[in-house]
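The block underneath contains the structure these notes are about, expressed in structure tokens.
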Amino acid sequence: MTKFSTVIAAFLLSATSAAALAAEVPATIDAKNCKAEYPKASLINEEQGDVKMAFLVGADGNVVDSKLEKSSGFKNLDKAAMKALSACKFKPGTKDGAVAQTWAKVDYSWKL
């Protein structure tokens, strides 16, 4: 290997390492410990569907902001999922290896 190719290889290796350290790891939720209650009206009407949501989670694991990304098709199911999961505790995400505020995507399925 020539001196020039050794320098290029070292540069590429350090650039790859820097990119890995700069990665953002999103917050996560323990779904089995965080359940939404099926809305009574939705049970009566036999409503089912999948809700896609995003939560901005602070460094303390609490939800700072939330948004509905895809509706289940039923307003009651969407509201119940957003309300219940917004109250859940998340494991905070990281940026550059340090705990930080990050967005987490959560899908919730309503099934009878």
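For reference, each letter of the sequence shown is one residue, going -22 to -1, 1 to 90 in mature numbering (1 follows the signal peptide of the UniProt record, and there is no 0). No residue lacks a Cβ here, since even glycine has one placed at the ideal position from N, Cα and C. All values derive from a computational prediction rather than experimental measurement.
- By the 16-neighbour rule on beta-carbons within 10 angstroms, Gly71 is buried.
- Counting the other Cβ atoms within 10 Å of the Cβ of Ser87 gives fewer than 16, which makes it exposed.
- Collapsing the DSSP output to three states places Asp56 in a helix.
- Note on geometry: alpha-carbon atoms of Lys18 and Ala1 lie some 42 Å from one another.
- Under the three-pair Cβ rule at 8 Å, the region 2 to 9 does not count as touching the region 46 to 61.
- Counting along the chain, Lys18 sits inside no beta strand (DSSP E); it lies in the alpha helix (DSSP H) bounded by residues Lys18 to Ile22.
- Distance check between Pro4 and each of Trp81, Asp85, Lys89 and Leu90 places Trp81 closest, using alpha-carbon atoms only.
- For Lys69, same chain residues with a beta-carbon under 7 Å away, outside a window of 5 residues either side, are Ala5, Thr6 and Gly39 in chain order.
- Exclusion of the five residues before and after Val84 leaves Ile7, Met31, Phe33 and Leu63 as the residues of its chain whose Cβ lies within less than 7 Å of its Cβ.
- Where Ser44 is concerned, the enclosing beta strand (DSSP E) starts and stops at Val41 to Lys48.
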